[in-house]
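These notes are about the structure you will find just below.
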Amino acid sequence: MNCRIRTLILVVLLIGGVIGDNAEDDDITVETVDESVPDVAYESPVPIDPRKVYLAEHFDDPAQFQKRWIKSQAKKEGIEEDIAKYDGQWEVEAATKDSLPNDSGLVLKTKAKHAAISAHLAKPFVFADKPLILQYEVLLQEGQECGGSYLKLLSEGPESKNLNNFHDKTPYTIMFGPDKCGNDHKLHFIFRHRNPLNGSIEEKHCQKPKERLEEYFSDKLPHLYTLVLNPDNTFEISVDKKVVNSGSLLEDFVPPVNPPAEIDDPNDKKPEDWDEREKIPDPDDRKPADWDEDAPPQIFDESESIPDGWLENEPTHIPDPDAIKPADWDSDMDGEWEPPLIENPACKAAAGCGHWEPPLINNPGYKGKWRPRLITNPNYKGKWRPKKIPNPDYFDDQHPFKMTTVSAVGFELWSMSQDILFDNLLITEDITVANKWAADTFDKKRQKIAKDSESFVQRLASLTNEYPFLWAVYILVLAVPVIFILYLCCKPSSSASQTQEREELIKAAETKKTDELTEAVEEENEAPEGEEEEGDDEEQEKNSEPDSENETAEPEEGEKNQPSGDGTRKRKVRKE
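Structural data, given as structure tokens:
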């Protein structure tokens, strides 16, 4: 027990020392890191190849933002006047938390209001032989309850020239981005396809990704949303550079791009004699004579009898004799007053009161409703389906990538959460440009967040990765206290050793005392009565005070009967 207590105390002291060292090391480490690794450096990004860029917006230049972006002054149709206006507030400002120096974003400041803002592209994007890469960041600083944070690529045309009138009906080519309401988490990719036969427009919705999206709406961290659309009709959607959805424009959208070549004939009718029943009742089957359809499924158990002491003539409840009619009771309005019922006190000591019935048991004669057995229908013709006819609206568009040209980009939103930040919007045709843009913006943001939230252990791991020889130092530092603790646990305690030594000494002394007593008695019997050789020693022993009463040995029986005199003396044994 003492060993365990000491070990526990040592462990506590060791942990306290480590924590104290860590606290001191934290200060030292922070100073070292600040000297060797400064805060994440950030400069407003510049595309590595502007010729391949259609829009590059970092929102760091307020003057440039005012020139490029146009806040909508339109009204939404079909709703009440007080909420029809696009009066949501937009601001350019830094993130409220973990922002890079001199880094700003476009922030939707208000909630429960319609908001719309848009900008023209540097040049229209024509869907021909170059891929479309759309990339931007979303930071839900207050999380998201219900609302969208998607953007629209506006179709080239007269509606997109006057962006002051940008609203929900403004034609768009692609809508892309996150959206959530309640437990429905979405990552939209919708494109509007033009029917080559009649020119009508139909929205095509990408199938939902298999990856879970909930975390992106709740962690209050910036996330990078990327859409890559290739001329071969393939697409890829990534969040934070991780692919969450991919597929083909021809196969993974609802409704499909191309309608079916054949459709059901709407004028075809099922013949009256068409029998779709695969099984029918056997017309030759007859109900057995002993089949009782009226037999109940349960009957009373006739073997049971009324319990002793059952009061059949006593009701289970009686009117409360102590109840008093309320003073404000109006018989004309409330009816005749009756006292409330209470449990019959006579039933408390009895087996029961009122009418008694035996318990129910399953009826062995119950068979239920009789039905004839089923046989194969000789007239069965299968499930009827209308005949197919060529689809008059059929077309085969093998190049849905060739969408309507895009000339502007805009956010048209309604949200129940405020302070939604958008940043680093890029539209390009080169994935290398997009990757470099993300490295100069999003990667640095996440690096800054990781650095600010890095714990002492994580900083230690980072330092170890940089200097691998520190592993040997860690092992040595950890091994010394462990070995010391194991030594203390395995070493026997000093008090236990002293106790054991004391017991061994006492045992040895008692053994020696017994042996000397035996030798003294034997010598007494053998020695002559007037032995003078021991006179001086015996005289010296008489004059000395014995240590205890037990030091004097008892004389043997023969010696007791002898008279005492000068010639005969008792021999005393000295205690070692």
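FYI, in mature numbering (1 follows the signal peptide of the UniProt record, and there is no 0) the residues of the sequence shown are -20 to -1, 1 to 556.
For each residue, glycine too, the CB sits at the ideal point set by N, CA and C.
A Cβ-Cβ contact shorter than 7 Å links Glu183 with Arg172. Within its own chain, the residues whose Cβ lies closer than 6 Å to the Cβ of Gln187, once the five positions on either side in sequence are excluded, are Asp232, listed in chain order.
Take the alpha-carbon of Pro261 and the one of Ile243: they are about 36 Å apart. Ranked by how close their Cα comes to the Cα of Asn293, the residues Trp317, Trp254 and Cys333 have Cys333 in first place. Counting only residues of its own chain and dropping the five nearest sequence neighbours on each side, Asn225 has a CB closer than 6 Å to the CB of Pro189 and Ile217.
Residues Lys56 and Glu392 of the same chain have their beta carbon placed closer than 7 Å to that of Asp148, with the five preceding and five following residues left out of the count. Look at the beta carbons and you see the segment 336 to 348 not touching the segment 87 to 100: under three pairs across the two are nearer than 8 Å. Note on geometry: alpha-carbon atoms of Asp274 and Glu282 lie some 20 Å from one another. Around the Cβ of Gln69, a 10 Å sphere holds fewer than 16 other Cβ atoms; the residue is exposed. Taking the CA atoms as reference points, Leu35 sits about 18 Å from Asp83. Under DSSP, the beta-bridge partners assigned to Trp49 are Ala99. One thing to note: Lys428 has its Cβ within 7 Å of the Cβ of Asp78.
Val234 is bridged by DSSP to His185. Close CB contacts of His185 within its chain, under the 7 Å cut and outside five residues either way in sequence, are with Ile170, Phe233 and Val234 (chain order).
The alpha-carbon of Ile407 is positioned some 20 Å away from that of Thr150. Counting the other CB atoms within 10 Å of its CB gives Gly157 a total of 16 or more, which places it among the buried residues. Straight across, the Cα-Cα distance linking Lys51 with Val20 is about 33 Å. The residue from Thr76, Pro27, Val237 and His165 with its alpha-carbon nearest to that of Lys382 is Val237. Contact between Gly127 and Ser397 holds: their C-beta atoms lie close to 6 Å from each other, under 8 Å. Taking the C-beta atoms as reference points, His165 is found nearer than 7 Å to Leu193. Nearest to Val208 by C-alpha distance, out of Ile279, Ile463, Phe107 and Glu258, is Phe107. Cβ contact annotation for Phe105 (same chain, cutoff 6 Å, sequence separation greater than five): Tyr34 and Val386, in chain order. It is roughly 15 Å from the alpha-carbon of Glu409 to the alpha-carbon of Thr214. The C-alpha of Thr384 lies about 31 Å from the C-alpha of Ala419.
Nearest to Thr153 by C-alpha distance, out of Gly390, Ile286 and Lys487, is Gly390. Secondary-structure assignment with DSSP links Glu216 through a beta bridge to Val208 and Ser226. In the assembly as shown, Asp432 is an exposed residue. Its beta-carbon has fewer than 16 other beta-carbons within 10 Å. With 16 or more neighbouring CB atoms inside 10 Å of its own CB, Met155 falls in the buried class.
A direct Cα-to-Cα measurement between Pro246 and Asn210 gives close to 38 Å. Within the segment 383 to 413, the complete beta strand (DSSP E) segments of 3 residues or longer fall at 386 to 394 and 400 to 408, listed in chain order. Taking every protein chain shown into account, the CB of Gln124 has 16 or more other CB atoms within 10 angstroms, so this residue is buried. One thing to note: Val72 has its Cβ within 7 Å of the Cβ of Pro42. If you draw a straight line from the Cα of Glu484 to the Cα of Leu466, it comes to about 29 Å. Closest option to Ala329, judged by alpha-carbon separation, among Ile304, Pro319 and Trp290: Trp290.
Segment contact: the segment 247 to 261 against the segment 353 to 368, three or more CB-CB distances shorter than 8 Å; contact assigned. Apart from the 5 residues on each side of it in sequence, Glu136 sits with its Cβ closer than 6 Å to the Cβ of Pro104, Thr385 and Ser387 in its chain, given in chain order.
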